[in-house]
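Notes to accompany the following structure.
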Ligand SMILES: [Zn+2]
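And the structure:
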């Protein structure tokens with residue numbers, strides 16, 4: 003069930019699980035849209051909510067939060083970041099309000115830059131006695147930003163938004179190796195075209211497979227209650 007198209011009688015009695023997809027409005031190289039992370043989180047949340055329903059769990063998918071903490075991309079015009087403080091307060095209040103009727107909250111985060119805040123908010127909500135956790139929307143082994151992984155996913159989710167003829171590669175070092183320069187100079191300091199990785203070889207088929215894998219992982223985590231221990235707090 004999608005919250006944005008549901009009516010209140012649909013939610014009378016509450017929901018077992020609310021999935022809250024989190025994205026960003028940030029540059030994704032010359033070939034992918036600003037909405038990339040939001041579109042990916044949204045697709046995972048919708049798919050997972052549908053699969054949970056098929057398995058008998060009352061799962062609801064919230065509208066995607068399409069702004070996040072994207073300060074590292076700010077040198078690229080069009081990027082809109084709300085920063086960590088505003089993101090944290092927003093997530094906290096979303097969580098407090100939604101937990102009045104949803105027994106479990108799971109943030110589905112598709113933008114790595116949101117991570118410290120999402121994790122801290124999930125911990126705080128748990129400390130307040132709410133059942134909150136978060137899961138990443140990032141396939142294992144994926145490249146960092148606007149590379150093959152995200153390009154394949156967008157070819158599967160919203161192919162009309164992808165400009166494959168404009169795709170170019172950026173540095174392919176692991177994100178850990180780029181981090182010191184990235185922190186000091188922003189993404190533009192390590193990749194003038196905004197790409198971290200290489201979109202070469204991306205395909206809709208690969209994207210559909212990656213998307214199905216992420217949906218299966220989320221469903222599995224929700225059904226088993228198995229969230230990474232760094233999410234659970236105390
Ligand atoms: Zn992204």
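In the numbering used here, the protein residues as written are 3 to 236.
Cβ coordinates follow ideal geometry from the N, Cα and C atoms, glycine included.
Leaving out the 5 sequence neighbours to the left and right, which residues in its chain are closer than 6 angstroms to residue i when beta-carbon positions are compared?
i, result
"residue 22", "64, 109"
"residue 40", "25, 66, 68"
"residue 160", "41"
"residue 190", "77"
"residue 153", "201, 204"
"residue 48", "63"
Going by DSSP, which residues form a beta bridge with residue i?
i, result
"residue 317", "Because the chain spans 3 through 236 in this model, residue 317 falls outside it and cannot be assessed."
"residue 70", "83"
"residue 27", "82"
"residue 135", "108"
"residue 198", "147"
Assign residue i to one of three DSSP states: helix, strand, or coil.
i, result
"residue 103", "coil"
"residue 115", "helix"
"residue 33", "coil"
"residue 231", "Since pLDDT at residue 231 reaches only 43, below the 50 mark, its modelled position is unreliable, and the value read off the structure follows with that caveat. In the structure shown, residue 231 sits in a helix (DSSP, three-state: H, G or I)."
For ligand 1, is there any heavy atom lying closer than 7 angstroms to the beta carbon of residue i?
i, result
"residue 39", "yes"
"residue 152", "yes"
"residue 33", "no"
"residue 30", "yes"
"residue 77", "no"
"residue 147", "yes"
"residue 113", "yes"
Using C-beta distances below 8 angstroms, list every residue in its chain close to residue i, excluding the 5 sequence neighbours before and after it, in chain order.
i, result
"residue 105", "16, 17, 18, 19, 133"
"residue 84", "69, 70, 71, 92"
For residue i, which residues in the same chain have their Cβ closer than 7 angstroms to its Cβ, ignoring the five residues on either side in sequence?
i, result
"residue 155", "42, 209, 212, 213"
"residue 239", "Since the first residue of the chain shown is 3 and the last is 236, residue 239 is not available in this structure."
"residue 29", "36, 75, 78, 80, 81, 196"
**Prompt:** Is the stretch 204–221 close to the stretch 133–145, with three or more CB pairs under 8 angstroms?
**Reply:** Proximity of the stretch 204–221 to the stretch 133–145 meets the contact definition, three or more beta-carbon pairs being nearer than 8 angstroms.
**Prompt:** Counting Cβ pairs, one atom from each stretch, are 3 or more of them under 8 angstroms apart for the stretch 167–186 and the stretch 144–151?
**Reply:** At 8 angstroms Cβ cutoff, the stretches touch.
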